[in-house]
Amino acid sequence: MSESINEIKKQIENCNKCKLCKTRTNIVLGDGDINAKIMLIGEGPGADEDKEGLPFVGKAGKLMNFAFDGLGINRKNLYITNIVKCRPPQNRDPEKDEIEACIGYVENQIKSINPKIIVLLGKIALQNILGSEYKITSSRGKWIEKDGIFYMPTWHPAALLRDENKKIQFWQDLELVKDKADEMKINY
Ligand code: URA
Ligand code: SF4
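Counted from 1, the sequence shown has number 588 at position 63 by the working numbering; the numbering is strictly sequential.
Structure, rendered in structure tokens:
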């Protein structure tokens with residue numbers, strides 16, 4: 526039996542398994558429907574997420590919400606989380622030891638939620654869920670099927686803020702997610 530999200534919530538409370546525990550305000554476990562068939566995984570909380578205890582509520586999250594709205598995707602039908610659950614200072618990339626300490630939580634979230642589709646937002650999510658042999662530039666926009674789950678790697682929403690081209694590709698990748706969800710009769 527996989528652990529429920531509530532059990533994971535209890536386990537992560539006061540977590541001090543890595544040094545990010547010293548600088549965080551709130552642990553950001555995840556948000557959305559715990560029975561979602563579509564899950565999204567980002568990198569780690571930023572300043573706004575650290576303050577609110579929720580994923581993707583800042584600038585990048587607002588841009589992602591804008592995409593969801595345009596595509597007719599209801600964020601409430603998804604489950605959204607990150608590779609690390611505490612904010613890396615100055616929004617630096619999470620370090621190897623931090624990811625190693627934290628990765629078990631997202632792995633248990635995947636087991637518990639049991640999604641059919643996982644959208645990997647950026648390189649950190651892609652390489653830590655599927656393996657460092659995957660490169661985001663060549664993998665994005667292409668389905669990877671593994672152990673009965675369809676993975677869609679795409680750009681991290683923060684990258685869209687700086688690059689109009691990536692914005693278009695992000696939209697296209699989410700269209701593919703919608704098509705696959707339609708095929709599988711999944712609500713979004
Ligand atoms: N960037 C992420 O990777 N995750 C968040 O929750 C917010 C910004
Ligand atoms: Fe624990 Fe993860 Fe936070 Fe590190 S980042 S303290 S492992 S919850």
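Ideal Cβ placement from N, Cα and C applies to all residues, glycine included.
Nearest neighbour of residue i, chosen from the options [CA to CA]
{"i": "S586", "options": "P682, I624, N599 and N539", "result": "A small fix is needed here, since residue 586 is Gly in this sequence, not Ser. It is P682 whose Cα lies nearest to the Cα of G586."}
{"i": "D558", "options": "G673, R600 and L655", "result": "R600"}
{"i": "P592", "options": "R549, E700, I711 and P619", "result": "At residue 592 the sequence reads Ala, which differs from the Pro that was named. Considering only alpha carbons, the answer is E700."}
{"i": "E577", "options": "K584, I552, K542 and I693", "result": "I552"}
{"i": "K562", "options": "D575, K641, G666 and T679", "result": "K641"}
{"i": "V702", "options": "R665, K636, Q652 and I635", "result": "R665"}
{"i": "P580", "options": "A706, N560, I598 and L554", "result": "L554"}
{"i": "T550", "options": "N539, G583 and D594", "result": "N539"}
{"i": "E624", "options": "L545, D704, Q536 and K534", "result": "This sequence places Ile at residue 624; Glu is not what is there. When each option's Cα is compared against that of I624, the closest is L545."}
{"i": "P619", "options": "Q652, I669, N602 and N590", "result": "Q652"}
{"i": "Q536", "options": "E658, C627 and G583", "result": "C627"}
{"i": "N712", "options": "K660, G583 and Y604", "result": "Y604"}
{"i": "W696", "options": "K584, I669 and L596", "result": "L596"}
beta-carbon residue i near the ligand SF4 non-hydrogen atom, thresh 6 Å
{"i": "L545", "result": "yes"}
{"i": "A650", "result": "no"}
{"i": "A572", "result": "no"}
{"i": "K576", "result": "no"}
{"i": "K535", "result": "no"}
{"i": "V609", "result": "yes"}
{"i": "A626", "result": "yes"}
{"i": "K587", "result": "no"}
{"i": "K692", "result": "no"}
{"i": "K710", "result": "no"}
Any non-hydrogen atom of the ligand URA closer than 6 Å to residue i Cβ
{"i": "E623", "result": "no"}
{"i": "F591", "result": "no"}
{"i": "G557", "result": "no"}
{"i": "G567", "result": "yes"}
{"i": "P614", "result": "no"}
{"i": "P619", "result": "no"}
{"i": "P678", "result": "no"}
{"i": "F695", "result": "no"}
{"i": "P580", "result": "yes"}
Rounded Cβ spacing between residue i and residue j (contact assumed at less than 8 Å)
{"i": "S527", "j": "K636", "result": "4 Å"}
{"i": "A572", "j": "R612", "result": "7 Å"}
{"i": "K667", "j": "W680", "result": "At roughly 13 Å, the Cβ-Cβ gap does not stay under 8 Å, so K667 and W680 are not in contact."}
{"i": "M564", "j": "I654", "result": "The Cβ separation is near 10 Å, so there is no contact."}
{"i": "M677", "j": "D707", "result": "The Cβ separation is near 14 Å, so there is no contact."}
{"i": "P614", "j": "T548", "result": "5 Å"}
{"i": "C543", "j": "D622", "result": "6 Å"}
Q: Ignoring anything shorter than 3 residues or poking outside the segment 533-604, list the beta strand (DSSP E) runs there in chain order.
A: 563-567
(Q) Below 8 Å, how does it come out for the segment 625-644 and the segment 593-611: are there three or more Cβ pairs, yes or no? (A) yes
Q) Three or more beta-carbon pairs under 8 Å between the segment 668-676 and the segment 685-695, yes or no? A) no
Q) Which parts of the segment 623-680 are runs of the beta strand (DSSP E), unbroken and 3 residues or longer, counting only runs that do not cross its ends? A) Runs of the beta strand (DSSP E) inside the segment 623-680: 642-646, 669-671 and 674-679.
Q: Report yes or no: do the segment 564-572 and the segment 640-659 share at least 3 C-beta pairs separated by less than 8 Å?
A: The segment 564-572, when compared against the segment 640-659, does touch it at the 8 Å Cβ threshold.
**Q.** Complete alpha helix (DSSP H) runs within the segment 681-709 (minimum length 4 residues, chain order)
**A.** 682-685 and 689-708
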